[in-house]
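Peer 1: The sequence shown begins at 1 in the UniProt record's numbering and counts up one residue at a time.
Here it is, the structure in full.
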Amino acid sequence: MGTVYLAVPRGGGPHDLVALKTVRRELESEGDFRVRFRREAEAARAVRSPHVSALVDSDATAERPWLATQYVAGPSLDEAVSRLGPLPVDVVRELGADLARGLAAVHGSRLVHRDLKPGNVVLGGPGPRLIDFGIAQAYDATVLTATGVMVGSPGFMSPEHVAGDRSVTAASDVFCLGAVLCFAATGHGPFDDSELAAIVHRISQGRAELAGLPDELREIVSDCLRQDPAARPTTGELIRALDPATAAARPGASPARREGPFPWPDGVRQLIHTHETAAGRALLAPPTPDTPPPPPAYPAAPPPPKPDDAPPAATGPRRRWRRWAVATGVGLLAGTLAAVLLTLQNRSDDTGRPQGGRSGPAASPEPGAAAPTAPPVFSEMSDFGPKALDRTLRPEGWQPWSASFEQGGAAVECGLGGGVLLCSLYDERRRATWLEAKNAADGTPLWRYPEEGGLGDGERGVGLRGFDLHGRHAYVASSDQAGFDVLDLGDGKPVARLPGRSGYEPTAVRVHKGRVFVAYAGDGGVGAAGNMLFRAFSADDREQLWERVIRNAFPQSLDIVGDRVWITGLEETLTLAPKTGRTLARNPGNCTLPSRGALYVSCDGVRDARTLKKLDDDTPGGIAAVSRDGLILTSSRQSQGARVQAHDIRGTRGGWAFTADADDPVAVVADRVVTLGARGVRVFTLADGTLEASAGTFAGWPIEGGGSVGRPAQPGTALVSGGAFYATFDDGTVLSAPVR
1 MGTVYLAVPR GGGPHDLVAL KTVRRELESE GDFRVRFRRE AEAARAVRSP
51 HVSALVDSDA TAERPWLATQ YVAGPSLDEA VSRLGPLPVD VVRELGADLA
101 RGLAAVHGSR LVHRDLKPGN VVLGGPGPRL IDFGIAQAYD ATVLTATGVM
151 VGSPGFMSPE HVAGDRSVTA ASDVFCLGAV LCFAATGHGP FDDSELAAIV
201 HRISQGRAEL AGLPDELREI VSDCLRQDPA ARPTTGELIR ALDPATAAAR
251 PGASPARREG PFPWPDGVRQ LIHTHETAAG RALLAPPTPD TPPPPPAYPA
301 APPPPKPDDA PPAATGPRRR WRRWAVATGV GLLAGTLAAV LLTLQNRSDD
351 TGRPQGGRSG PAASPEPGAA APTAPPVFSE MSDFGPKALD RTLRPEGWQP
401 WSASFEQGGA AVECGLGGGV LLCSLYDERR RATWLEAKNA ADGTPLWRYP
451 EEGGLGDGER GVGLRGFDLH GRHAYVASSD QAGFDVLDLG DGKPVARLPG
501 RSGYEPTAVR VHKGRVFVAY AGDGGVGAAG NMLFRAFSAD DREQLWERVI
551 RNAFPQSLDI VGDRVWITGL EETLTLAPKT GRTLARNPGN CTLPSRGALY
601 VSCDGVRDAR TLKKLDDDTP GGIAAVSRDG LILTSSRQSQ GARVQAHDIR
651 GTRGGWAFTA DADDPVAVVA DRVVTLGARG VRVFTLADGT LEASAGTFAG
701 WPIEGGGSVG RPAQPGTALV SGGAFYATFD DGTVLSAPVR
């Protein structure tokens, strides 16, 4: 919706902190937005519950409409589970009961939350609270709500959300609550997948993955996730089912509220204390009551035409702005409303690791001339090619190294080309996306794009997959969302631009055999039903070759399989001719490409990604990797880790299996299978799955003795080239070491 600042009334103390949200300029220019804003604010003002962050004040008539809600000092559920792991069953039950109480209060005020997700649940000392009603819809204002726009967050949306229709009701919030409880109890959502298209398909088909969900919660969560909204439980029924000890004795009575402190585990209490301390330190900063807040370090949207995203100093009828004083220099709070922690996180690295590259023992250089150029590889690949272990393809001067990303964040995708490791990073708290480049030989930082701010709209994830590598250039979604910039890999400076079209946001790009294929989100945005734009350009002179507008397509699904352009959407999957954009093959329904450039896809069984012809009716488990010669590796969760099994659709190989840590990245590297997880790097033979080597961890590896509060860091992306792997972790560590 906009930018959020930590604020306090003049003379206020810690208990008066509020989250002050301003509206993005493009929203305030919409003719009916202020009417919707005022109606929803009026409805939200009526919500009174200890489980909801209450609306304190708002102004729909201000030059920049704004609202202020109670600030909750504590981590989001997303942060807590990501750092500490799943919550105990008893805590999840109480958490669910309190969230159901909060939803009951929201629904009683004729509101629907519409974006209930782990990032919008804050864990405060007294208990959990629902936050962020910026996209809530008043029941009485449905006539003013746009159609065809999917409002919500991938993985935590109901089938009604996915359909983009007007039938989003209180039952839709119950569905989302079921997904949130699954996440709290298992550490993963019921519809998690690597591709947004696959997530949407699984939600629409009711294919929830509840592996690992405790038996005590399975029936409740399953009931919440029913496809038919009428079959889902009410909030009152949920409260009684989750917290029966507090249910009223007589039938029909309102569910009672639990008395006493909330039973948070020690790790959660420690996180809450950290957030409370940070908020207290922010209050020590000198207030500036007559000065507008400074712009955030990483705006959630592209820089607006005006110099900052802060509200103007008010005069006359807008004097209410003068009631609020900025309490911290970096005001962006994002989903958890707690980014005052940035002032702590931006200090020296608490782990003691140097901020630049840190090299290990030098590898023995290969004799001969300079290393030949290796083709670009990406972490989204699952087969890094037959020459992935060829050490002559390492960057010149390569040696093992460990470093940290300069601005934190978790790597979403990384690519390696031209001696540069380029990663797309995302920070959930700041809702910001950006690119960082490092020297692949030693990990030293090279450049950042954009130099300040973030790419696209972090709330919807635009820009997360918007880059590719070709020669000495990187193709990226432009920071102003006007098209795609062509950057010099050496210094990150733009050298050219592929133009976009008004009303469309750059989303994905692929470069293949001298052509650049780009995709733009239109109408409702990424993942919503609407018209999506696809174009092809010449990589040499940037001349546009063709253009197509495809309805209900997912622009972020754009990929190249074989010599065909691959696109999927809500209703069908297509392959296009790269020269003309003409449709070559189509298949009804949504298919999932398991990895970048994979030659096999999963829909109703396994299909050839190029022709979309069915090859196998069924393949057990989720596809973890696909080799270039047709071997499919599937991964299925078990009580102890995950079972990785080989399948050959031609029936000549496969049948072997091994156990890996749950969610370990799995990749085919030449004639081997490599996994990256808590036990470090493990190497298996592709022929029969025999464990060939367990390289373990290396210097700088954050799995051992490092990581965030309560648990070690977890592996994120991984890629292999030149006999070396490059891995990122969720604590910001990035390292490179040899594949033994």
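All C-beta atoms in this analysis are idealised placements derived from N, C-alpha and C, irrespective of residue type, glycine included.
(1) Does the beta-carbon of GLN544 have 16 or more other beta-carbons within 10 angstroms, so that it is buried, or is it exposed?
(2) If distances are taken between C-alpha atoms only, which option among GLU63, LEU271 and ALA539 comes closest to ALA79?
(3) Identify the residues that DSSP records as bridge partners of MET532: which are they?
(4) Determine whether the Cβ of GLU160 lies closer than 8 angstroms to any Cβ atom of chain E.
(5) Taking LEU416 as the reference, which of PRO702, ARG64 and GLY490 has the closest Cα?
(6) From this set, THR580, GLU571 and THR728, which residue's C-alpha is nearest ASP204's C-alpha?
(7) Is it buried or exposed for THR568, if we count other Cβ within 10 angstroms and need 16 for buried?
(8) Kindly indicate which residue of LYS438, SER382, ASP390 and PHE378 has the alpha-carbon position closest to the one of GLU413.
(9) Using beta-carbon positions only, say whether LEU177 and ALA100 come within less than 8 angstroms of one another.
(10) If you draw a straight line from the C-alpha of ALA185 to the C-alpha of GLY419, how long is it?
(11) Whether or not the stretch 56-68 and the stretch 188-207 are in contact is what I'm after, with contact meaning three or more pairs of Cβ atoms, one per stretch, closer than 8 angstroms; do they touch?
(12) Can you grab the Cα-Cα spacing for the pair ALA646 / GLY409, in whole Å?
(13) Can you find the residues in the same chain that come closer than 7 angstroms, C-beta to C-beta, to GLY503, ignoring five residues on each side of it along the sequence?
(14) Should ASP158 go down as buried or exposed, given a rule of 16 or more other Cβ atoms within 10 Å for buried?
(15) For the beta strand (DSSP E) that contains PHE415, what are its first and last residues?
(16) What whole-angstrom Cβ distance do VAL683 and ALA693 have, given they're in contact under 8 angstroms?
(17) Determine whether the beta carbon atoms of ALA440 and PRO395 lie at a separation below 8 angstroms.
(18) Which runs of the beta strand (DSSP E) spanning at least 3 residues fall entirely within the stretch 537-611, listed in chain order?
(19) Counting Cβ pairs closer than 8 angstroms, one from the stretch 213-224 and one from the stretch 580-590, do we hit at least three?
(20) Just mark SER58 as buried or exposed, buried being the case when its beta carbon has 16 or more other beta carbons within 10 Å.
(21) Name the DSSP bridge partner or partners of SER404?
(22) Would you mind listing the alpha helix (DSSP H) stretches within the stretch 167-212 that are 4+ residues and don't spill past its ends, in chain order?
(23) Could you check where the beta strand (DSSP E) with ARG129 kicks off and where it finishes?
(24) If I measure Cβ to Cβ from GLU380 and keep anything under 7 angstroms in the same chain, skipping five residues before and after, which residues do I get?
(25) In chain order, what residues of the same chain lie with their CB nearer than 6 angstroms to the CB of ASP485, ignoring the 5 residues before and after it?
(26) How would you call ALA687, buried or exposed, if buried means at least 16 neighbouring beta carbons within 10 angstroms?
(27) When the Cα of CYS739 is compared with those of VAL47, VAL180 and PHE384, which residue comes out closest?
(28) Does the distance from the CB of ASP90 to the CB of PRO263 come in under 8 angstroms?
(29) From GLY104 to ALA97, what distance separates their C-alpha atoms?
(30) Let me know the secondary structure DSSP gives ALA62 once reduced to three states.
(31) In whole angstroms, what separates the C-alpha of THR659 from that of PRO715?
(32) Are there 16 or more other CB atoms within 10 angstroms of the CB of ARG240, so buried, or fewer, so exposed?
(33) Could you work out which residue in LEU435, VAL674, PRO128 and THR733 is closest to ALA724 when comparing CA atoms only?
(34) Going by CA-CA distance only, name the one from LEU20, LEU574, SER53 and LEU67 that's closest to PHE37.
(35) In terms of alpha-carbon separation, which member of ALA41, GLU195 and ASP563 lies closest to VAL23?
Peer 2: Checking against the coordinates, here is how it stands:
(1) A residue is called buried when at least 16 other Cβ atoms come within 10 angstroms of its Cβ; GLN544 does not meet this threshold and is exposed.
(2) The sequence as given places Glu at residue 79; Ala does not occur at that position. Among GLU63, LEU271 and ALA539, the Cα nearest to that of GLU79 is on LEU271.
(3) ILE550
(4) Checking the listed chains, one finds no chain E in this structure; it contains a single protein chain.
(5) GLY490
(6) Residue identity check: residue 204 is Ser in the sequence provided, not Asp. The option with the nearest alpha carbon to SER204 is GLU571.
(7) THR568 should be labelled buried.
(8) PHE378
(9) The answer is yes: Cβ separation under 8 angstroms.
(10) 42 angstroms
(11) no
(12) Going from the Cα of ALA646 to the Cα of GLY409 covers about 34 angstroms.
(13) Contacts found: GLY522.
(14) The displayed chain sequence assigns Ser, not Asp, to residue 158. SER158 should be labelled buried.
(15) In the sequence under discussion, the amino acid at residue 415 is Gly, which differs from the Phe named in the question. For GLY415, the uninterrupted beta strand (DSSP E) run begins and ends at 410-417, by DSSP.
(16) 4 angstroms
(17) yes
(18) 544-551, 559-561, 564-568, 572-576, 583-588, 600-603 and 605-608
(19) no
(20) buried
(21) THR733
(22) 170-186 and 196-205
(23) Residues 127-130.
(24) For GLU380, the CB contacts under 7 angstroms within the same chain, skipping 5 residues up- and downstream, are GLU413, SER595 and ARG596 in chain order.
(25) VAL476, SER478, PRO494 and ARG497
(26) exposed
(27) The sequence shown places Val at residue 739, rather than the Cys named in the question. The candidate whose alpha carbon is nearest that of VAL739 is PHE384.
(28) yes
(29) At residue 104 the sequence reads Ala, which differs from the Gly that was named. When rounded, the distance between both Cα atoms is 10 angstroms.
(30) Correct three-state label for ALA62: coil.
(31) 17 angstroms
(32) buried
(33) VAL674
(34) Among LEU20, LEU574, SER53 and LEU67, the Cα nearest to that of PHE37 belongs to LEU67.
(35) ALA41
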